[in-house]
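K.L.:
So the protein sequences, as listed, match chains A and B. Letter by letter, the first sequence follows residues 399 to 505 of our numbering. Letter by letter, the second sequence follows residues 135 to 249 of our numbering. Beta carbons: idealized from backbone N, C-alpha and C, even for Gly. It should be emphasised that the depicted structure is a prediction, and the values quoted were computed from it without experimental measurement. Right, I'll just put the structure down here and ask away after.
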Amino acid sequence: KNEVEQSPQNLTAQEGEFITINCSYSVGISALHWLQQHPGGGIVSLFMLSSGKKKHGRLIATINIQEKHSSLHITASHPRDSAVYICAAAGAQKLVFGQGTRLTINP
Amino acid sequence: NAGVMQNPRHLVRRRGQEARLRCSPMKGHSHVYWYRQLPEEGLKFMVYLQKENIIDESGMPKERFSAEFPKEGPSILRIQQVVRGDSAAYFCASSTRTGGGDEQFFGPGTRLTVL
Numbered sequence: 399k400n401e402v403e404q405s406p407q408n409l410t411a412q413e414g415e416f417i418t419i420n421c422s423y424s425v426g427i428s429a430l431h432w433l434q435q436h437p438g439g440g441i442v443s444l445f446m447l448s449s450g451k452k453k454h455g456r457l458i459a460t461i462n463i464q465e466k467h468s469s470l471h472i473t474a475s476h477p478r479d480s481a482v483y484i485c486a487a488a489g490a491q492k493l494v495f496g497q498g499t500r501l502t503i504n505p
Numbered sequence: 135n136a137g138v139m140q141n142p143r144h145l146v147r148r149r150g151q152e153a154r155l156r157c158s159p160m161k162g163h164s165h166v167y168w169y170r171q172l173p174e175e176g177l178k179f180m181v182y183l184q185k186e187n188i189i190d191e192s193g194m195p196k197e198r199f200s201a202e203f204p205k206e207g208p209s210i211l212r213i214q215q216v217v218r219g220d221s222a223a224y225f226c227a228s229s230t231r232t233g234g235g236d237e238q239f240f241g242p243g244t245r246l247t248v249l
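Quick look at the structure:
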């Protein structure tokens, strides 16, 4: 079993839908990162959180430390949100990555 | 304020050659991480370096791979005698402070193709 599990692996939705991507981890962490990898391959850091909830524009990330679970939500999804979303558990020295969720938003 | 720079962006090597991948961290960042993404796979940690020190190389293959982050200049990931299985995207990231608990800024990656 991977230390960081994401679900779903693939998600296709229509423009405007509310999107949820889940991440469960089994390791102790100092923080949980959400990353976005564009079709061209570049990686952007979306959030780093160690408790509670963070919001940036249409993106919301939450974490439940007791349950070792985090979610990434996208409100009013748009085709430009199509990308691979990756969660990563931060230990003392390094990140352990989930396998990624490939999101496709159709117009 | 330039972001993390990596070069080259694309590198083609024949089996047995050496590959040198460079990473210049963001200004003010003294911590560098290298990650590898094999085709159709997730990102995997390779090595974590501070200036002139390797802090954690637990993700590095034992042979042919080495990394450095000298006092001056970029961090270098070196792969000797490349094989087809080394074909992957190699990303570096930098941060201001230690470990995974600080936000990491990623470079655009170097895509290595071994013929």
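Would you decide whether G414/A is buried or exposed? Buried here means 16 or more other CB atoms lie within 10 Å of its CB.
P.N.:
Burial call: exposed.
K.L.:
I think F445/A touches H431/A, with their Cβ atoms under 8 Å apart; what is that distance to the nearest whole Å?
P.N.:
7 Å
K.L.:
How many Å lie between A136/B and K161/B at the Cα?
P.N.:
7 Å
K.L.:
Check whether the segment 151 to 169 of chain B and the segment 212 to 231 of chain B touch, using three or more Cβ-Cβ pairs below 8 Å as the test.
P.N.:
yes
K.L.:
Strictly by DSSP, which residues pair up with L183/B?
P.N.:
V166/B and I188/B
K.L.:
On the three-pair Cβ rule with 8 Å, is the segment 145 to 153 of chain B touching the segment 200 to 219 of chain B?
P.N.:
yes
K.L.:
Just curious, the beta strand (DSSP E) that Q404/A is in, first and last residue?
P.N.:
V402 to S405
K.L.:
Report yes or no: is there a C-beta of chain B within less than 8 Å of the C-beta of Q434/A?
P.N.:
no
K.L.:
Short check: CB of I503/A to CB of A429/A, under 8 Å?
P.N.:
no
K.L.:
Which of the three DSSP states, helix, strand or coil, is assigned to G150/B?
P.N.:
coil
K.L.:
Residues of chain B with CB closer than 7 Å to the CB of Q407/A, please, in chain order.
P.N.:
Ordered by position in chain B, no residue passes the 7 Å Cβ test against Q407/A, which lies about 11 Å from the chain.
K.L.:
With 16 other CB atoms within 10 Å as the buried threshold, where does L249/B fall?
P.N.:
exposed
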